[in-house]
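So for the sequence shown, this note's numbering puts the first residue at 17; every next one is plus one. Ideal Cβ positions, reconstructed from N, Cα and C, are used throughout, including at glycine. Model, not experiment: these values are computed from the prediction. Following: one structure in structure tokens, then a few remarks.
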Amino acid sequence: MAAYAASVGSSSLLRRALFLPISHPRPSFFQLFSASRFNSSTSTTAVTRPKPPICVAVRGGQTKRGGSSSKNDELATASDLQFETPLKIVEYPDPLLRAKNKKIGTFDENLKKLVDEMFSVMYKTDGIGLSAPQVGVNVQLMVFNPAGEPGEGEEIVLVNPRVSKISKKRVLFNEGCLSFPGIYADVERPESVKVDAMDINGARFSISLSELSARVFQHEFDHLEGILFFDRMTGKVLETIFAKLQALEKKYEDKTGLASPEKVQAPIKRVAVGFGKS
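This is the structure:
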């Protein structure tokens, strides 16, 4: 089954606000998610069971539970927005994936170049969504294109996004993530969200996203909050990827010569705080 189409609104004004004139052509809404990639063999199913528990990872000897953080108003400096090309994907358990991501207050050519480079690495790695911390830049920025191919679909850029509304209906779907190569598992998320954000020129706007676009957004927004997709899995689902997460931790230790900054642990048997709530 192909990934389902997402509805992002038909207003020409909205499209001008959201789908910005960057260097890439505009794409159709079908393909798989890879930077937050989905397995096409899994169908989308509305679920009515309670919200799943969030698992726990131990960082620096302390246990920290995944979840939405409070609003962060600290502005990024010029040094926070520095980057080297070509961009490289940051893999779990690199601490950059858990670091605080600062708000963007400067809308200049450097930001536009960063957006261009993020789209470039996203396409090269077969992704349809990417957050700035996944390329080592800890700022509140995400890009995605549900088509996953330059020249198809729509390229979406969200700066300093905030969630203003989420749907009660929740959907279970198989997700993956470029920061977790080769790992796929079911994650339950709200079917639709309303988002307040800024465009690449600093103009504010609101957008309602549903289905695939909503899921891509939520996955990337979690990255901006320092939340990883396995934080939102049930204990039963987590068990299916537990060994692979441990393998990534060992890979990090072998590569860096350092102890893994976090160790995935068994899930807590309690109801989690849902997406968009604190």
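Coil, strand or helix - residue i by DSSP
i, result
"K129", "helix"
"I182", "strand"
"I144", "coil"
"R231", "helix"
"E255", "helix"
"M298", "The question about residue 298 has no answer here: the residues shown for the chain are numbered 17 through 294."
"E204", "strand"
"E236", "helix"
"D96", "helix"
"L336", "One cannot answer for residue 336 here, as it falls past the ends of the chain, which runs 17 to 294."
Closest by C-alpha distance to residue i, when choosing among the options
i, options, result
"V175", "P277, T122, T141 and K266", "T122"
"A163", "P102, V232 and E107", "V232"
"L146", "E265, K184, V280 and D238", "D238"
"G218", "D110, K279 and P177", "P177"
"E227", "I243, G169 and P206", "P206"
"V137", "N154, S229 and E165", "E165"
"T256", "L274, A148 and V280", "V280"
"A94", "K119, T272, P111 and L113", "K119"
"V153", "A201, E269 and G242", "G242"
"L112", "D124, I199, A201 and P149", "P149"
"M158", "V173, V151, G198 and G167", "V173"
"E269", "G167, M134 and D110", "D110"
Contact belief for residue i with residue j at Cβ below 8 Å, rounded distance in angstroms
i, j, result
"V209", "L225", "5 Å"
"F245", "H235", "6 Å"
Whole-angstrom distance between residue j and residue i, CA atom to CA atom
i, j, result
"E107", "L188", "24 Å"
"S276", "A115", "15 Å"
"T101", "K128", "14 Å"
"E278", "E90", "25 Å"
"K267", "F258", "14 Å"
"S229", "E265", "30 Å"
"G16", "Y200", "Outside the displayed range of the chain (17 to 294) lies residue 16, so it cannot be described from this structure."
Cβ neighbours of residue i in the same chain (closer than 6 Å, five flanking residues each side left out)
i, result
"K262", "Correcting the residue type first, residue 262 is Gln in the shown sequence and not Lys. If we look at Q262 and ignore the five residues flanking it on each side, it has no Cβ neighbours."
"S222", "D212"
Residue-level contact to chain C via CB, residue i, 8 Å cutoff
i, result
"H235", "Note that chain C does not occur in the displayed structure, where there is just one protein chain."
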